[in-house]
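Each remark here refers to the structure printed beneath this line.
Numbering (the working numbering), first residue to last: 235 to 418.
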């Protein structure tokens with residue numbers, strides 16, 4: 235299991251990577267930010283919550299200033315400031331999966347406001363959402379208790395993230411149908 239864990243370290247260019255124009259352009263082209271809930275994404279987050287037996291899951295998308303939640307289980311918020319985003323950890327690594335079994339033992343997360351304060355997150359697992367080579371967000375899970383994940387749970391996290399990324403990627407190729415109205 236140790237191979238699946240990522241001990242993230244502060245990366246001096248994570249802010250630059252988050253603000254990367256091609257990454258933000260890819261996110262913008264998806265026309266997904268601030269859209270209504272959609273069953274397909276909600277099914278993914280509910281299935282992840284059940285599969286990992288965790289109280290909080292979400293499909294989140296990171297723009298320049300916030301972490302916006304396309305779908306979520308276990309929380310009411312629809313977004314958070316980028317400074318409180320766990321998603322930022324993906325700009326510090328090339329790995330597609332991050333598992334932090336105990337946030338209090340992890341140098342990157344132990345001082346995080348959601349670890350040291352409410353809701354006292356103790357476990358974090360996430361898979362990168364990549365569209366056309368750009369990281370636009372994560373499929374993630376949180377718990378208030380430290381815990382490991384099994385190999386099967388890691389595989390399910392990865393598969394569900396791939397499904398979410400595929401859904402987002404398809405938004406680029408779907409064009410709205412405009413009815414043709416005959417001229418009088």
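A virtual CB, placed ideally from N, CA and C, is assigned to each residue, including glycine.
Less than 7 Å between C-beta atoms, sequence neighbours within five positions excluded: which residues of the same chain meet that for residue i?
i           : result
residue 271 : 305
residue 368 : 256, 257, 260
residue 276 : 305
residue 394 : 278, 281, 282, 373
residue 300 : 313, 314, 315, 316
residue 381 : 335, 357
residue 297 : 258, 261, 267
residue 238 : Its pLDDT being 34, under 50, residue 238 is placed unreliably in this model, and the value from its coordinates should be taken loosely. Result list for residue 238: 331, 333, 388, in chain order.
residue 385 : none
Just the C-alpha distance for residue i and residue j, rounded to the nearest angstrom, thanks.
i           : j           : result
residue 373 : residue 313 : 14 Å
residue 278 : residue 295 : 15 Å
residue 292 : residue 336 : 19 Å
residue 196 : residue 339 : Examination of residue 196 is not possible in this model, given that the chain is present from 235 through 418 alone.
residue 268 : residue 302 : 8 Å
residue 377 : residue 308 : 10 Å
residue 348 : residue 360 : 16 Å
residue 356 : residue 346 : 11 Å
residue 311 : residue 396 : 24 Å
residue 353 : residue 319 : 14 Å
residue 351 : residue 344 : 10 Å
residue 366 : residue 290 : 27 Å
For residue i, which beta-bridge partners are listed by DSSP?
i           : result
residue 368 : 365
residue 332 : 360
residue 374 : 292, 360
residue 380 : According to DSSP, which records beta bridges pairwise, residue 380 is partnered with nothing at all.
residue 314 : 301
Does the Cβ-Cβ distance between residue i and residue j come in under 7 Å?
i           : j           : result
residue 390 : residue 285 : yes
residue 364 : residue 398 : no
residue 405 : residue 264 : yes
residue 274 : residue 401 : yes
Please go through the same chain and pick out, in chain order, the residues whose beta-carbon is closer than 6 Å to the beta-carbon of residue i, but skip the five residues on each side of it.
i           : result
residue 246 : Interpretation of residue 246 is limited by its pLDDT of 35, a score under 50 that renders its predicted location unreliable; the figure taken from the coordinates is listed afterwards. Around residue 246: no qualifying Cβ.
residue 216 : What the structure shows of the chain is the stretch from 235 to 418, and residue 216 is not part of that stretch, so it cannot be assessed.
residue 244 : Summary for residue 244: the model assigns pLDDT 38, below 50, so the residue's position carries little reliability, and this model does not support an answer.
Heavy atom of the ligand GTP less than 6 Å from the Cβ of residue i, yes or no?
i           : result
residue 400 : In terms of ligand content, the structure shown is empty, and the ligand GTP therefore cannot be addressed.
Tell me which residues share the same chain as residue i and place their Cβ nearer than 8 Å to its Cβ, disregarding the 5 neighbours each side in the sequence.
i           : result
residue 379 : 356, 357
residue 321 : 294, 296, 301, 360, 371, 372, 374
residue 392 : 330, 331, 361
Does residue i come within less than 7 Å of chain B when only Cβ atoms are used?
i           : result
residue 405 : Of the chains in the structure shown, none is chain B; there is only one protein chain.
Would you mind listing the beta strand (DSSP E) stretches within the region 254-310 that are 3+ residues and don't spill past its ends, in chain order?
290-296, 300-307
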